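Novice: Numbering (full-length UniProt numbering), first residue to last: 1 to 426.
Glycine included, each C-beta is placed from N, C-alpha and C at the ideal position.
Source: prediction; values computed, not measured.
Starting off with a structure, shown below.
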């Protein structure tokens, strides 16, 4: 695997709390954070940026205190809120959260509290996973305190987060074929878990990057290396494509991961094979050719060239992304718009990077549980992983139980702020 360039530090990396600690932010930081560690959102530790996202909306009232005219107006608005369709509400919540206003979060919270637990659960039954992710994310980002006991969080945990984590944790004994796995992961209708729920899934699966001194040092080094990737040299992505610095949406080709690995193998696995490999690299999105596709019917994709290849019984890039030369070890899954996820940097780091190193140690044969390998792989990315990549992490842990895989990230918006300040000479 290639080694990334190194130069002078530009920024300090985030240090997450321990499993039992609570998260606090400096007094100068405008945005509030959830108090519970399992809902912690990875951030730049000393950041005071994005002052425009300061809370400006009404604070929900409770109890029997007399309501002011503004609180009465908010109460009326919360009733109107209940008339919105789930997708309408989710889109508005996402937009307001992006604009830095907690007005809609307060109304949504009031609407749920006024309904009461039982009626709120019924009202949320029609919300999809993606819609609930937006609702929970908005409430977590804009309202103070943890959301435990929140009907939206309870609904998401019961219908999506709990079953999803159980599926991925149970891969070693599930005996799923690739088709069965793709169907199971796709049945949740999710593209990702968002910045505040992804840490819970990573921790539940034993994949979260720890908070020890070695992990903290890796984070800081990774942040510096990734900023250099975006900002330095003739091919600097942030200079060549400035749209990545200001857009509200992110595309997977902007996301990059820093990977550090130390791998060992039992002696005698192959003639001339080494018994250890170590290194680090910066991994961008894979250059996977995609054939043109046309829609022949609602939700029915058809290749404009030859028909898509059938799924392999193993793992790896999704069908249509280019058939692998051999049964792949790790499965990616198509999500939105039948778009493959095998080129995502997190997936590429494992399928093309780490697996290549393991083959130099003697990895061979069809996909299986390869317990003869040990070591650790740390991945730090510039955005939270999609659902397909989360599944790839879980598969890697299953296939290589002796290798400790740990994943961390900082949300893309924080990288945007840091890169903009660096380019402006702040």
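Can you check the segment 321 to 405 for any alpha helix (DSSP H) of at least 4 residues that lies completely inside it and give the ranges in chain order?
Specialist: Fully enclosed alpha helix (DSSP H) runs of 4 or longer: 345 to 348, 355 to 360, 387 to 399.
Novice: Which stretch, first to last residue, makes up the alpha helix (DSSP H) that contains residue 113?
Specialist: In the chain shown, residue 113 corresponds to position 113, counting from 1. Where residue 113 is concerned, the enclosing alpha helix (DSSP H) stretches over 103 to 124.
Novice: Taking residue 366 as the reference, which of 330, 151, 267 has the closest Cα?
Specialist: Locating residue 366 in the chain shown gives position 366, where the first residue counts as 1. Considering only alpha carbons, the answer is 330.
Novice: Using only alpha-carbon positions, find the residue among 110, 421, 237, 327 that is nearest to residue 285.
Specialist: If you number the chain shown from 1, residue 285 lands on position 285. Closest by alpha carbon: 237.
Novice: Grab me the residues of residue 141's own chain with a C-beta within less than 6 angstroms of its C-beta, minus the 5 sequence neighbours each way, in chain order.
Specialist: Counted from its first residue, the chain shown places residue 141 at position 141. Excluding positions up to five away in sequence, the list reads 97.
Novice: Along the chain, where does the beta strand (DSSP E) containing residue 265 start, and where does it finish?
Specialist: As a first step, residue 265 is located in the chain shown; it is residue number 265 there, counting from the start. Segment 257 to 265, the beta strand (DSSP E) holding residue 265.
Novice: Going by other Cβ atoms of all chains shown within 10 Å of its Cβ, with 16 needed for buried, is residue 199 buried or exposed?
Specialist: For the purposes of this step, residue 199 is taken as the residue at position 199 of the chain shown. Classification of residue 199: buried, given that the 10 Å Cβ count is 16 or more.
Novice: On a Cα-Cα basis, can you pick out the residue from 134, 89, 152 that is closest to residue 118?
Specialist: By 1-based counting over the chain shown, the position of residue 118 is 118. When each option's Cα is compared against that of residue 118, the closest is 152.
Novice: In angstroms, rounded to a whole number, what distance separates the CA positions of residue 419 and residue 228?
Specialist: The residue labelled residue 419 in the question sits at position 419 within the chain shown. The residue labelled residue 228 in the question sits at position 228 within the chain shown. So the alpha carbons of these two residues sit roughly 10 angstroms apart.
Novice: I need the boundaries of the alpha helix (DSSP H) containing residue 198, first residue and last residue.
Specialist: On the chain shown, position 198 is the one that residue 198 refers to. That run of the alpha helix (DSSP H) goes 194 to 204.
Novice: Which partner residues does residue 224 have in the DSSP bridge list?
Specialist: Position 224 of the chain shown, counted from the first residue, corresponds to residue 224. None; residue 224 has no bridge partner.
Novice: Taking C-beta to C-beta, are residue 155 and residue 167 nearer than 9 angstroms?
Specialist: Against the chain shown, residue 155 aligns to sequence position 155. Against the chain shown, residue 167 aligns to sequence position 167. No, these two residues do not count as a Cβ contact at 9 angstroms.
Novice: Give every residue of the same chain whose Cβ lies closer than 7 angstroms to the Cβ of residue 230, excluding the five residues on either side of it in the sequence, and list them in chain order.
Specialist: Indexing the chain shown from 1 puts residue 230 at position 230. Counting only Cβ-Cβ distances below 7 angstroms, and skipping sequence neighbours, we find 236, 237, 238, 419.
Novice: Using the beta-carbon count (16 or more within 10 Å), is residue 369 buried or exposed?
Specialist: One-based indexing of the chain shown puts residue 369 at position 369. It is exposed - the Cβ of residue 369 has fewer than 16 other Cβ atoms within 10 Å.
Novice: What is the DSSP secondary structure of residue 412, counted as helix, strand or coil?
Specialist: Position 412 of the chain shown, counted from the start, is the residue given in the question as residue 412. It is helical.
Novice: Report all residues from its chain with a CB closer than 7 angstroms to the CB of residue 349; omit the five preceding and five following residues, and keep chain order.
Specialist: For the purposes of this step, residue 349 is identified with residue 349 of the chain shown, where counting begins at 1. Within the same chain, residue 349 has close Cβ partners 257, 259, 283, 379.
Novice: Could you check where the beta strand (DSSP E) with residue 515 kicks off and where it finishes?
Specialist: Shown here, the chain extends from 1 to 426; a query on residue 515 therefore has no answer.
Novice: Thinking residue 126 and residue 195 are a contact (beta carbons under 8 angstroms), I'd like their distance in whole angstroms, please.
Specialist: Position 126 of the chain shown, counting from 1, holds the residue named residue 126. Position 195 of the chain shown, counting from 1, holds the residue named residue 195. No, residue 126 and residue 195 are not in contact; Cβ-Cβ is about 25 angstroms, not under 8 angstroms.
Novice: Using a Cβ-Cβ cut-off of 6 angstroms (strictly less than) and excluding sequence neighbours within five positions of residue 415, which residues of its own chain qualify?
Specialist: Indexing the chain shown from 1 puts residue 415 at position 415. For residue 415, where only same-chain residues beyond five positions count, the Cβ hits under 6 angstroms are 382.
Novice: I think residue 134 touches residue 193, with their Cβ atoms under 8 angstroms apart; what is that distance to the nearest whole Å?
Specialist: Within the chain shown, residue 134 is the residue found at index 134, counting from 1. Within the chain shown, residue 193 is the residue found at index 193, counting from 1. Residue 134 to residue 193, Cβ: 11 angstroms. No contact.
Novice: Am I right that residue 262 and residue 376 are in contact with their C-beta atoms under 8 angstroms? What's the rounded C-beta distance?
Specialist: By one-based count along the chain shown, residue 262 stands at place 262. By one-based count along the chain shown, residue 376 stands at place 376. Right, the Cβ-Cβ distance comes to about 5 angstroms (below 8 angstroms), so this counts as a contact.
Novice: Exposed or buried, residue 332, counting other C-beta atoms within 10 Å across all chains shown (16 or more means buried)?
Specialist: What you label residue 332 is simply residue 332 of the chain shown in a count that begins at 1. The residue in question, residue 332, is buried, as its Cβ has 16 or more Cβ neighbours within 10 Å.
Novice: If you draw a straight line from the C-alpha of residue 121 to the C-alpha of residue 266, how long is it?
Specialist: Along the chain shown, read from residue 1 onward, the residue named residue 121 stands at position 121. Along the chain shown, read from residue 1 onward, the residue named residue 266 stands at position 266. Between residue 121 and residue 266, the C-alpha separation is close to 53 angstroms.
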